[in-house]
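Novice: Residue numbers (numbering that gives the first Met the number 0): 0 to 270.
Before I ask anything, here is the structure I am working with.
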Amino acid sequence: MTGENAWQRDPALRRALARWLPEQRWFDGTGRPLASVTVLRVHAFHRTAARLGVLAVVATRDVSGADAGRCLLVLGVGTPHAPSPVPLLARTRDGRPVYGALADAELVDALVRRIAAHRPADGARYVAEPPGVALPAAPLTVRPLGAEQSNTSVVLDERYILKIFRRPTEGASPDLVLHRLLRDAGSPHVPQLLGAIEEEGTGATLATLQTFLPDAEDGWSAALDSVRGSLGGGPDPAGGFTGAARRLGGVLADVHGTLAAAHENSPLGDG
């Protein structure tokens, strides 16, 4: 194993990941102490003299020895003894900083540009979905979207959203299949699918890139706001939730109708 790749089996990193993973909301075994973390597959998406950006699929076992699941990490790896550009996960025996790459705007920018350029690399397919996306020449701004149950999303330039599928499974994810199906059917009710990352061999969906809808509102939050306004005797802060719910129902009916019409020809139609 070369010096660049030796970090994958570094004991300090594996111990750090065993402590860090149970604290993550998206980790399937949240709260259970881990005994081991093993890096199974690594897909490098960015290499410079200063840093390496990788997608890493890892396997975990809890203290009883039971399988605690597999998950996808997006990591940055620096050169020996270099400072970490973001909070550190671990420093390897040869001094390389290893950190969460989604906090590194340079690596996120590189990952998204590889998708947009439709450039496969190192065991992964970076797919630009038709009709493609023309990214600005300037570096993309990056901010986390917030806590999610099973994925991690970052917003870029307030125009795009990159979703990382933390629990990849063999084959295309239903999320990606449905977006492609609705796009091909001409549905106007879903954000535009701009790209995806798929693992070669397993076909697992590792990430998707879509347009970002900054004005989108969580329906449950809107309903709670409406109830609070009614109980307080004031105006409905949701701007008339009943009407909005009725419109949402119409959109859902249209989407389900589109899916039903295309069901027999889709990968979801089997079985």
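By construction, the Cβ of each residue, glycine as well, lies at the ideal position given by its N, Cα and C atoms.
All figures in this text were calculated on a predicted structure; none of them were measured in a lab.
Name the one or two DSSP bridge partners that R46 has.
Specialist: Sequence index remark: in the sequence shown, residue 46 carries index 47 (1-based). Answer by DSSP bridge pairing, in chain order: L51.
Novice: So for D214, helix, strand or coil by DSSP?
Specialist: Here residue 214 refers to the residue found at position 215 of the sequence shown. Residue state, collapsed to three classes: coil.
Novice: What does a CB cutoff of less than 8 Å around L212 pick up in its chain, not counting 5 residues either side in sequence?
Specialist: Your numbering for residue 212 matches position 213 in the sequence shown. If we look at L212 and ignore the five residues flanking it on each side, its Cβ neighbours are P190.
Novice: Return the CA-CA distance between A67 and A171, expressed in angstroms with no decimal places.
Specialist: Locating residue 67 in the sequence shown gives position 68, where the first residue counts as 1. Locating residue 171 in the sequence shown gives position 172, where the first residue counts as 1. The alpha-carbon atoms of A67 and A171 are separated by roughly 22 Å.
Novice: Does the beta carbon of R31 come closer than 8 Å to any beta carbon on chain B?
Specialist: The chain inventory of the structure shown lacks chain B, comprising one protein chain alone.
Novice: Name the DSSP bridge partner or partners of P96?
Specialist: Counting from 1 along the sequence shown, the entry for residue 96 is found at position 97. DSSP, once it has assigned bridges, lists R90 as partnering P96.
Novice: Figure out for me which residue from T37, A34, A104 and D61 has the closest Cα to the Cα of T140.
Specialist: In the sequence shown, counting from the first residue as 1, residue 140 sits at position 141. Taking only the C-alpha atoms, the option nearest T140 is A104.
Novice: Buried or exposed, going by whether 16 or more other CB atoms sit within 10 Å of the CB of L39?
Specialist: Numbered from 1 along the sequence shown, position 40 holds the residue referred to as residue 39. By the 10 Å Cβ count, L39 comes out exposed.
Novice: Could you say which of A206, T210 and T37 lies nearest to L155 if we only look at CA atoms?
Specialist: As a working note, residue 155 is residue 156 in the sequence shown. The shortest Cα separation from L155 among A206, T210 and T37 belongs to T210.
Novice: Alpha carbon to alpha carbon, how far is L175 from L74? Give it in angstroms, no decimals.
Specialist: As a working note, residue 74 is residue 75 in the sequence shown. As a working note, residue 175 is residue 176 in the sequence shown. Roughly 23 Å separates the two Cα atoms.
Novice: Suppose the cutoff is 6 Å on Cβ atoms and the five residues either side in sequence are ignored; what does the same chain contact list for P79 look like?
Specialist: Position 80 of the sequence shown, counting from 1, holds the residue named residue 79. Closer than 6 Å at the Cβ level, and outside the excluded window around P79, lie D93, G94 and R95.
Novice: Can you give the beta carbon distance from D121 to H42, rounded, assuming they're within the 8 Å contact cut?
Specialist: Translated into positions along the sequence shown, residue 121 becomes position 122. Translated into positions along the sequence shown, residue 42 becomes position 43. Rounded, the Cβ-Cβ distance is 5 Å, consistent with contact.
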